[in-house]
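Protein chains in written order, with our numbering: chain A, 125 to 771; chain Y, 10 to 92. Take a look at the structure set out below.
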Amino acid sequence: MDELLAQFIVEGRELAQQAADDLIALEREPRDRQRLESAFRAIHTLKGSVGLFPLAPLQTVLHAAEDLLGAVRSGSEEIDIEAVDPILATLEWTDRCIDEIEVSGELGPGAGRQAEQLLQAMSRTPVMSAGSPPAGNAGENPPWARTLFDACPAAEGPLVAVRYVPDRDCFFIGDDPLALAARVPSILNLSVHSREDWPAPEELDPFRCNLVIELVSSAPLTDVEAVFRLIPDQVTVVSQLAPTVPDPGRRAGAGAPLLTMTVRVDTARIDRLLDIVGELYTAKNGLASLADLLRTVEPGSAVARRAAATQLEFDRLLTRLRQGVMGVRMVPLAQTFRRLPRVVRELSGQTGKKVEIVTKGGEIEADRLIVEGLFEPLLHVIRNAMDHGIESADARSAAGKPAIGSIAVTADMQGDQVAIAIADDGAGVDVERARALAVRQELVSADIASGLPEEGVLELLFAPGFSTARSVTEISGRGVGMDAVRTAVQALGGRVSMSSRAGQGSTVAVSLPTSFAMARLVVLEAGGDRFAVPMNAIAETLRISRSELVAVRAGLAFTLRDRVIPFVSLAEVLHLTSTSGESILLLVVEREGGGRVGIGVDSIGEQTEIMVRPATGLIRHSRGIAGTAVLGDGRVLMVLDLEELTR
Amino acid sequence: VSVEFRDGTIVLAGDCPVASGETLLSQLLTHPDAIVDMTNAGSVHTALWQILIVCAPRIVPPATEGIATKYILERIGARGSWL
């Protein structure tokens, strides 16, 4: 993908998110001038970036949103809440447009129509119907134009700045951008920049335009615009505005270029680094066995000692390297938390329940995949809370609670884990009803259910298929319940549990690692394929003869030290054909809830220390896959979750 | 002929259309130290200016002044410091 477009996709999403954050905050605090300015700046910059690409419908809509916000800004002290909805809708649409651009490089087929609807919605807001300032003049000049204007301090009267980004293929259709720019009357200054870094001369494509032309003219705006009337999508023309009153929210010297000590790196590059670290670990394991060999063959010799010392040093540096690379991948939880107010706002609209969400601990950092992966389970929990937990305003008033419900998402570090609590102040879980439902849904027998303590009943809520919904609603109750939450959290290497107090609300507690630790894995074969399982999952390995297996109820079992242990064949569980013969190789696995299970495999291979990454993409929702690991030779192994596979 | 190589000099003469860009680039690559003489150049297409910006040869400016001559030429030669 074009580098500039790739950058826009990242920045565009951030700007849309920033503007949405500000607007949602403004709904609560309509007098917050700083938020208003921030939203305006974000939309303004977003519109500017969009202008670099042929995305006319998006630019038109953002332009209108900027005008609308500009009109709000110049109006009364308080923001008109009615203006917020269409702008938020615009930002959500912008997000979807960026998704489309990321996939196909262009806007979807319905973009023009959607843009039209958004424009209409914005024009219907009271502030716009009351008359708006002329388009494009809301607010201040964009930074590039300010730079151009500043370069012509002696000029009299308002100036016009032009930023002309010719299409890359414009030479082919006969355009001569500099000749066109030269037709602008009264040019005071002109500069030419490269759109992307210049290649070496021998790599230059002479027919591809890589120029950005900026100029300042003292001619009237309409005369300047007339020159570019055939290529409006490639040109931004702005009129110089009278100097604005300094913004009190801005620090002195904010006009100077801001030096930040950060650099934006494509996550794929960091992932590649992590792969290399993984390969180094495999190499390290080889080095360790070489050092061991030398110790055995030439005990106490100088070469054996040097090999051992080198190996230790290598270990130490590799650990630091891994920590360094993992550190680069860390992002604040806020990246996911900040998406939640929009979710709650949308659900409030659907349920008719007013709910406020507060987040705390967003500054805590975790691996990017964990932070991103957290969104889905949080979304499910919040949906559940709003649909089933929080009562209607009437019921809340009757119970003596504030009419507006509340959801608090709080993160805390606990050791090397981050604990996230999602607490609502709703009605709590009706334990007796949940107990009865679990029996009716045949998740547990009536006998067992009646003896379960409250925690046990709450645990049943995480069982696949459990649903408390009285009816299938738009929001939850479509079979996507707490089991989806548990699956998603476990895929990230975490745990989840729930507590509830009748009438006071429920709390879902999620505990997650902050990064992916190194795991000792055993490579094994089953049904002709290779897999890996965590070493610590295996209690022991042994070999039995097929004749030792006996049929017990629906399955097979064998006896080990006077205990009957259920048997499953890994190949069968994975729907593969087992190749083992009379003699069966067994992994004995200790189960979480107590008890053991014997898992038949074809062979057991090497052990390796390797990084396990959560399953992504197609295999994300596959049962029994804990993640993937890249071996030293580049092969990717599925890491199995034996507990889940044998459940 | 709008672009020609003569005695260590690349000469641009008359109007230089986009099509002459390829010739100019290949001559600049073959003779990286050649001077580009634009004294008798007429209108020079943006594609050629782009090549001159990237290759940054020494240039004898055109006799007639246009915006490219005025705002671009003075900066060629200091390549890397302004782009």
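Built from N, CA and C at the ideal position, the CB exists for glycine as well. On a predicted model such as this, the values are computed, not experimentally measured, just so you know.
Return yes when at least one heavy atom of the ligand MG lies under 7 Å from the C-beta of residue i, else no.
i: Gly589/A; result: With respect to the ligand MG, the structure offers nothing, as it holds no ligand at all.
Would residue i count as contacting chain A if we go by Cβ distances under 8 Å?
i: Ala43/Y; result: no
i: Ala12/Y; result: The amino acid at residue 12/Y is misidentified as Ala; the sequence shows Val. No, its Cβ sits nowhere closer than 8 Å to a Cβ of chain A.
i: Cys25/Y; result: no
i: Ala72/Y; result: no
i: His40/Y; result: no
i: Ala56/Y; result: yes
i: Gly30/Y; result: yes
i: Ala50/Y; result: no
i: Leu37/Y; result: yes
i: Ala87/Y; result: Below a pLDDT of 50, predicted positions are generally treated as unreliable, and Ala87/Y, at 39, falls in that range; the measurement from the model is reported next regardless. No, no contact with chain A.
i: Ile19/Y; result: no
i: Val69/Y; result: no
i: Leu34/Y; result: yes
i: Ala77/Y; result: yes
Helix, strand or coil: how does DSSP classify residue i here?
i: Val468/A; result: helix
i: Gln459/A; result: helix
i: Lys484/A; result: strand
i: Arg619/A; result: strand
i: Asp554/A; result: coil
i: Glu161/A; result: helix
i: Val12/Y; result: strand
i: Ala389/A; result: Going by the sequence as given, residue 389/A is Val instead of Ala. Correct three-state label for Val389/A: coil.
i: Arg396/A; result: helix
i: Asp42/Y; result: coil
i: Val427/A; result: helix
i: Phe655/A; result: strand
i: Phe640/A; result: coil
i: Trp709/A; result: Going by the sequence as given, residue 709/A is Leu instead of Trp. In this structure, Leu709/A counts as strand in the three-state DSSP scheme.
i: Cys772/A; result: This structure cannot settle anything about residue 772/A, because the visible part of chain A is limited to 125 through 771.
i: Arg152/A; result: helix
i: Gln364/A; result: coil
i: Cys25/Y; result: strand
i: Leu684/A; result: strand
i: Ile66/Y; result: For clarity, residue 66/Y is Pro in the given sequence; the question names Ile instead. DSSP places Pro66/Y in coil when its eight states are reduced to three.
i: Ser198/A; result: coil
i: Gln628/A; result: coil
i: Ile572/A; result: helix
i: Met762/A; result: strand
i: Pro690/A; result: strand
Let me make sure I understand the geometry here. Which of the options has the alpha-carbon closest to that of residue i?
i: Lys478/A; options: Asp549/A, Gly605/A, Glu320/A; result: Asp549/A
i: Ala324/A; options: Thr32/Y, Glu74/Y, Pro41/Y, Ile19/Y; result: Pro41/Y
i: Ile528/A; options: Thr475/A, Ile546/A, Lys484/A, Glu566/A; result: Thr475/A
i: Ala228/A; options: Ile133/A, Ile337/A, Arg469/A, Ala433/A; result: Ala is not the amino acid found at residue 228/A; the sequence shown has Ser there. Comparing Cα positions, the closest option is Ile133/A.
i: Val362/A; options: Asp291/A, Pro266/A, Pro330/A, Arg319/A; result: Pro266/A
i: Gly524/A; options: Asp204/A, Trp322/A, Gln628/A; result: Gln628/A
i: Glu216/A; options: Thr249/A, Ile167/A, Gln364/A, Ala570/A; result: Ile167/A
i: Ile708/A; options: Ile723/A, His699/A, Glu320/A, Gly719/A; result: Ile723/A
i: Ala643/A; options: Asp299/A, Thr406/A, Leu684/A, Glu566/A; result: Thr406/A
i: Ala275/A; options: Ser342/A, Ala535/A, Ser702/A, Asp511/A; result: Ser342/A
i: Asp607/A; options: Leu272/A, Ser624/A, Leu584/A; result: Leu584/A
i: Ser52/Y; options: Thr32/Y, Ile68/Y, Ala72/Y, Gly23/Y; result: Gly23/Y
i: Val725/A; options: Gly719/A, Leu711/A, Ala195/A, Glu437/A; result: Leu711/A
Does any CB atom of chain Y fall closer than 8 Å to the CB of residue i?
i: Leu283/A; result: no
i: Asp300/A; result: yes
i: Trp268/A; result: no
i: Phe295/A; result: yes
i: Gln142/A; result: no
i: Ala306/A; result: yes
i: Leu328/A; result: yes
i: Leu354/A; result: no
i: Asn508/A; result: no
i: Ala245/A; result: no
My assumption, with CB atoms under 8 Å, is that residue i sits in contact with residue j. Please give the rounded CB distance.
i: Leu112/A; j: Ile494/A; result: The structure shown has nothing for residue 112/A, since chain A only spans 125 to 771.
i: Val284/A; j: Val348/A; result: 5 Å
i: Glu135/A; j: Ser162/A; result: Not quite, the Cβ-Cβ distance comes to about 15 Å (not below 8 Å), so this is no contact.
i: Val646/A; j: Val657/A; result: 6 Å
i: Pro301/A; j: Pro290/A; result: 4 Å
i: Gly30/Y; j: His54/Y; result: 7 Å
Whole alpha helix (DSSP H) runs in the segment 287 to 321 of chain A with 4 or more residues, listed along the chain? Here the runs fully enclosed are 301 to 305.
Just list the beta strand (DSSP E) runs in the segment 481 to 534 of chain A, keeping only unbroken ones of 3 residues or longer that don't cross its boundaries, in chain order. Runs of the beta strand (DSSP E) spanning 3 or more residues and lying entirely within the segment 481 to 534 of chain A occur at 489 to 491, in chain order.
According to a CB-to-CB cut-off of less than 9 Å, which residues of the segment 310 to 325 of chain A neighbour chain B? Reference to chain B is not applicable here, since the protein chains of this structure are A and Y.
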